[in-house]
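Here full-length UniProt numbering is used: the first residue of the sequence shown is 1, the next is one more, and so on.
Glycine is no exception: its CB is placed at the ideal position from the N, C-alpha and C atoms.
Only a predicted model underlies this, so the values are computations on that prediction, with no experimental measurement involved.
Take a look at the structure below.
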Amino acid sequence: MSLITHPNARELTKSVRATVLVFKDPRSQELLSRIERLAPSEANTLIIGETGTGKELVARHIHHLSRRGREPFVAVNCGAFAETLVESELFGHEKGAFTGATTHKAGWFEAANGGTLFLDEIGDLPLNMQVKLLRVLQEREVVRLGSRTPIPINVRLVAATNVNLADAVVAGNFREDLFYRLHVATIRLPPLRERPGDILPLAEFFLEEHCQRLGYNRASLSSEAERKLLEHSWPGNIRELENAIHHALLVCRNQRVAPADLHLVDMRPVNGVRQEESVQPARAISGPADLEAALNALFERNIPDLYEHIEETIFRTAYRYCHGNQLQTGRLLNISRNIVRARLEKIGELSRSQE
Numbered sequence: 001m002s003l004i005t006h007p008n009a010r011e012l013t014k015s016v017r018a019t020v021l022v023f024k025d026p027r028s029q030e031l032l033s034r035i036e037r038l039a040p041s042e043a044n045t046l047i048i049g050e051t052g053t054g055k056e057l058v059a060r061h062i063h064h065l066s067r068r069g070r071e072p073f074v075a076v077n078c079g080a081f082a083e084t085l086v087e088s089e090l091f092g093h094e095k096g097a098f099t100g101a102t103t104h105k106a107g108w109f110e111a112a113n114g115g116t117l118f119l120d121e122i123g124d125l126p127l128n129m130q131v132k133l134l135r136v137l138q139e140r141e142v143v144r145l146g147s148r149t150p151i152p153i154n155v156r157l158v159a160a161t162n163v164n165l166a167d168a169v170v171a172g173n174f175r176e177d178l179f180y181r182l183h184v185a186t187i188r189l190p191p192l193r194e195r196p197g198d199i200l201p202l203a204e205f206f207l208e209e210h211c212q213r214l215g216y217n218r219a220s221l222s223s224e225a226e227r228k229l230l231e232h233s234w235p236g237n238i239r240e241l242e243n244a245i246h247h248a249l250l251v252c253r254n255q256r257v258a259p260a261d262l263h264l265v266d267m268r269p270v271n272g273v274r275q276e277e278s279v280q281p282a283r284a285i286s287g288p289a290d291l292e293a294a295l296n297a298l299f300e301r302n303i304p305d306l307y308e309h310i311e312e313t314i315f316r317t318a319y320r321y322c323h324g325n326q327l328q329t330g331r332l333l334n335i336s337r338n339i340v341r342a343r344l345e346k347i348g349e350l351s352r353s354q355e
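As structure tokens, this is what we get:
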């Protein structure tokens, strides 16, 4: 069984990213084979997968297997910076380029020169930055903010997304030319529920890892706990599995994990209601007749721009129901995160929640 771990795994305990990948399930073994075939090339690579599936780990493995393996690997989350700072972070700036720029600064492209630049959540990159990124990929040079002098760069770009970029292109939130530029070599990372052969090996790895960290004696899973792990849908993927094992170790007795020790939340809608396995089922929601009655009441009020009002209410309510999580809002409404983001920006909801 092949295994990949994050070099700084223990520093990421509060992160949503995965810290380890195993390749025991047949789909995972097929994935590893594809990674090993694509890694030696110089092609731009796009990794597609849900949050917590291990996209950065795959990117690091691609870098390690390439001829750039001894050069820098720089990981950047495109959604982590304010829109006004993205250009400076990626391409650098000169002294005096903007208020507060007291010195010159190299951007992430320069930091990764000779190696690999990993742009996570590339679907969150603003459109104006997508244009500049496309130019950098075409010209293989960057121009710092506040400068006119191009700086040659030799970087392999690996990008990742948890949304369907093709949908984002159709919605006008992602440039088609950049999409095809990134789509040269694509790796689709299956969610954990689609590679069940990896679940128990991962659980065993996390058991040993967290027992060592906590100073516990070696713990084990009961057969019923194993069955529960295999039956779960894992909306949070590998990271959710690690958190579940960590929690179970804190509450289990006699170093034996029972089903009740696993705090698992099923995000799949059942008649429109999410079920939490550790609590009593929620009460049933109102039926279609109640929704029709509410709409009829709105129709009688003769509200201007009624369709926009209803759509805005749906997006705002769904976003708040998901506690400000754009990804979960997209899943709830069965649309891409980029569409969610665009609509929330349009109605001013992001300015209130500070994204």
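Which class does residue i belong to by DSSP, given the choice of helix, strand or coil?
i    : result
A39  : coil
R301 : coil
R135 : helix
I47  : strand
D124 : helix
K105 : strand
N254 : coil
T186 : strand
V22  : strand
T5   : strand
H93  : strand
S222 : coil
P281 : Only weak support is given to the placement of P281: the predicted model assigns it a pLDDT of 38, under 50, and the question is left unresolved by the model.
E141 : strand
A171 : coil
L264 : coil
R68  : coil
R149 : For the sequence presented, residue 149 should be read as Thr rather than Arg. The answer is coil: DSSP assigns T149 none of H, G, I, E or B.
T317 : helix
F81  : coil
T60  : Residue identity check: residue 60 is Arg in the sequence provided, not Thr. Here R60 sits in helix by DSSP.
V270 : Unreliable placement is indicated for V270, whose pLDDT of 46 sits below 50; the coordinate value is still reported in the next sentence. Here V270 sits in strand by DSSP.
Contact defined as beta carbons within less than 8 Å: I believe residue i pairs with residue j. What is the distance between those atoms, to the nearest angstrom?
i           : j    : result
T53         : A185 : Going by Cβ atoms, the distance from T53 to A185 rounds to 18 Å, so no, they are not a contact pair.
R341        : Q326 : 6 Å
Y319        : E349 : 6 Å
H63         : F73  : 5 Å
L127        : R181 : Actually they do not touch by this definition, with Cβ atoms about 15 Å apart.
residue 356 : C252 : Within the shown structure, residues of the chain are numbered from 1 to 355, placing residue 356 beyond reach of any answer.
residue 358 : A160 : What is shown of the chain runs 1 to 355, which leaves residue 358 out entirely.
Please confirm whether residue i and residue j have their CB atoms less than 8 Å apart.
i    : j    : result
A75  : E94  : no
V145 : G92  : Here residue 145 turns out to be Leu, not Val, going by the sequence shown. Yes.
R156 : R68  : yes
V158 : G107 : no
L134 : L125 : no
I47  : I153 : no
P259 : K228 : yes
E343 : N162 : Looking at the sequence itself, residue 343 is Arg, so the reference to Glu does not match. Cβ atoms of R343 and N162: not closer than 8 Å.
L165 : G49  : no
How big is the Cα-Cα spacing for residue i and residue j?
i    : j    : result
N232 : E209 : Here residue 232 is His; the residue named in the question, Asn, does not match the sequence. Distance between the alpha carbons of H232 and E209 is about 22 Å.
A297 : I347 : 23 Å
L136 : M129 : At residue 136 the sequence reads Val, which differs from the Leu that was named. Near 10 Å, if we compare the C-alpha coordinates of M129 and V136.
R193 : A101 : 47 Å
A168 : N334 : 14 Å
G197 : K24  : 6 Å
F206 : I199 : 11 Å
L249 : P26  : 29 Å
E83  : D177 : 21 Å
H323 : G123 : 21 Å
I339 : F299 : 27 Å
E292 : R195 : 41 Å
L32  : N237 : 18 Å
Is it right to say residue i is buried, meaning 16 or more other beta carbons lie within 10 angstroms of its own, or is it exposed?
i    : result
V131 : exposed
I314 : exposed
G172 : exposed
V257 : buried
R70  : exposed
E224 : exposed
G330 : buried
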